[in-house]
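Numbering-wise, the UniProt record's numbering puts 540 at position 540 of the sequence shown, and it's gapless, one number per residue.
Working notes for the structure below.
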Amino acid sequence: MQLRFSPSMRSITISSSNGFIDLMKIKVAARHISYRTLFHTILILAFLLPFVFILTAVVTLEGVNKCSSFDCLGRRLGPRFLGRVDDSGQRLVRDFYNILNQVNAEEIPADLKLPDSFSQLVSEMKNNQYDAKTFAIMLRAMMEKLEKEMRESKFAELMNKHFAASSIPKGIHCLSLRLTDEYSSNAHARKQLPPPELLPLLSDNSYHHFILPTDNILAASVVVTSAVQSSSKPEYIVFHVITDKKTYAGMHSWFALNPVSPAIVEVKGVHQFDWLTRENVPVLEAVENQNGIRNYYHGNHVAGANLSDTTPRTFASKLQARSPKYISLLNHLRIYLPELFPNLNKVVFLDDDVVIQQDLSPLWEIDLGGKVNGAVETCRGEDEWVMSKRFRNYFNFSHPLISKNLDSEECAWAYGMNIFDLNAWRKTNIRETYHYWLRENLKSNLTMWKLGTLPPALIAFRGHVHPIDPSWHLLGLGYQNKTSIESVTKAAELPHLRIIVDRLEELKTRYWTRKRKRGSYGFDISCKFLQLKMTYREMAKGQKFPA
């Protein structure tokens, strides 16, 4: 190391011993720095600079990331002291992010052969010496393939659950056939329902009249029996069970052979109502016979569906909405109740998928305030899936006719248990409004809504709905995330095909086995109802849609 002073003593140059590198030049201002201070500064620099040089060389050779002990502090500070920081790790991360962004923006080659597992991918990397970009492409393709397979598996699971929940189990079909055979061979199965002396009570408004449209004999038995056993005044109950022509004989046989005294049960087929003619229900006749509509409800529910843009929950909801029952006349009968029962003033309408566990007599004491339909509203609750339904959840508001006539924020209500004031209904044009909107939706190729019978009813009953307490009709059991045991216990009515399996078994035992003990002519044995119990277990599971 050499020190050189200028003749004027205004500058000092410090250089290495071989003279090739100038490390520092110091200019000394006259009259501002004493020679003693300058001398001490030179000594300190002459002592420190060799160590700095050595530390820099060592860090460069060994790598700063390998050093973790306390005595490496100097090695780390040395390069920083000279303004040299090793950012190779940060550069590596930045380069990796750039590669990922680049791969994400590119298309995956269609003919790319993917390994079956991560270990196979690692092995191929070692053997083929993949670069970072190739590795990122392979990793992205594997993840997308796995995600696709998972989505397809989830949708297949939902399809299987939908078919299990909406199809007719073998045991129920067997029961219907056996009871139909009993109707033709057993005079007791053909006896008049109700007996002739009780016929006047079918139009007596001092009794509590229930309307139950169904083609499921077992479900009808559960609804009727649970309602009678839960009632404080069963002798005032009159059930009007309406079924289709193919199920009429079996349904009649069941209630003829298994009376629910002291309640009264009338079983009537759709074909036995003189009012239900093609002239009175032209729109529904067109709906049943229109090929496009039938294909929509009976066709392949997956074909044409964009599963990549559909969530499993939305897909499950669409599957439920495409049940073939929605184009059945039996499912539309509720809109014709004033005409089908001209002598009745007030009725309670029940779906066939419910279990009654409280006395329903107080329903007849509810003042509807001149309204037609007493129903549970579905827009006032904590659950985001079941109890937050408004018109926007049912209608296509991009359709000009819908956006012009409806409010997307209007509260919806539920079918399943409804109090109908038939006298007030007869003074309205609800049926004509219902037909008009069905006709318009048919003209628009089902683009206004695709959720069965509820959407046109929401329009037809606008201004005619009186909200009732939600405890009368517990909605979304199996769907809701916040259903409490207390609310289930207090509810007057439960959806029995969607309840917890153990609870279903308890209710089924209570309302089916007791009836069987009274004499069911061995139908439960011949139709293997032990297997039917498992079928209902699967049906209950099939109605639980994921969050």
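Even for Gly, the Cβ is constructed at its ideal location relative to N, Cα and C.
Within the stretch 150-203, the complete alpha helix (DSSP H) segments of 4 residues or longer fall at 170-185, listed in chain order. Asp407 and Val122 have their C-alpha atoms some 58 Å from each other. In this model, Tyr436 and Ser398 are separated by some 19 Å (Cα to Cα).
Residue pairing by DSSP places Ala375 opposite Pro467 in a beta bridge. For Thr247, the uninterrupted alpha helix (DSSP H) segment begins and ends at 245-257.
In the structure shown, Leu212 adopts extended strand secondary structure according to DSSP, grouped into three states. Where Lys346 is concerned, the enclosing beta strand (DSSP E) starts and stops at 346-350. Of the residues Lys346, Leu158, Glu149, Met159, the one whose Cα lies closest to the Cα of Gly370 is Lys346.
By DSSP's assignment, Cys411 forms a beta bridge with Arg390.
Rounded to whole angstroms, Leu344 and Pro200 show a C-alpha spacing of 12 Å. Residue nearest to Thr243 within the set Val270, Val354, Leu202 is Val270 (criterion: CA-CA distance).
A direct Cα-to-Cα measurement between Lys443 and Trp275 gives close to 26 Å. Residue range 264-269 is occupied by the beta strand (DSSP E) that includes Val267, with no alpha helix (DSSP H) assigned at that position. When the alpha-carbon of Phe273 is set against those of Leu340, Ile237, Val260, the nearest one is in Leu340. With at least 16 other beta carbons inside 10 angstroms of its own, Arg178 counts as buried. Here Ala412 really is in contact with Thr378; their C-beta atoms are around 5 Å apart, less than 8 Å. 7 Å or more divides the Cβ of Ala156 from the Cβ of Ile99. For the stretch 435-461, the full-length alpha helix (DSSP H) segments reaching 4 residues or more read 454-460 along the chain. Inclusion of Val238 and Ile211 in the CB contact set at 7 Å is not warranted, their separation being larger than that value. Beta-bridge pairing by DSSP links Asp421 to Lys346. Contact annotation, Leu330 with Pro213: C-beta distance approximately 5 Å; criterion of less than 8 Å satisfied.
Assignment of Phe39 by DSSP, reduced to helix, strand and coil, places it in the helix class. Annotated three-state conformation of His240 is strand, per DSSP. Between Ile356 and Ser230, the gap from beta carbon to beta carbon is short of 7 Å. In the DSSP annotation of this structure, Val281 is not part of any alpha helix (DSSP H), being labelled neither H nor E.
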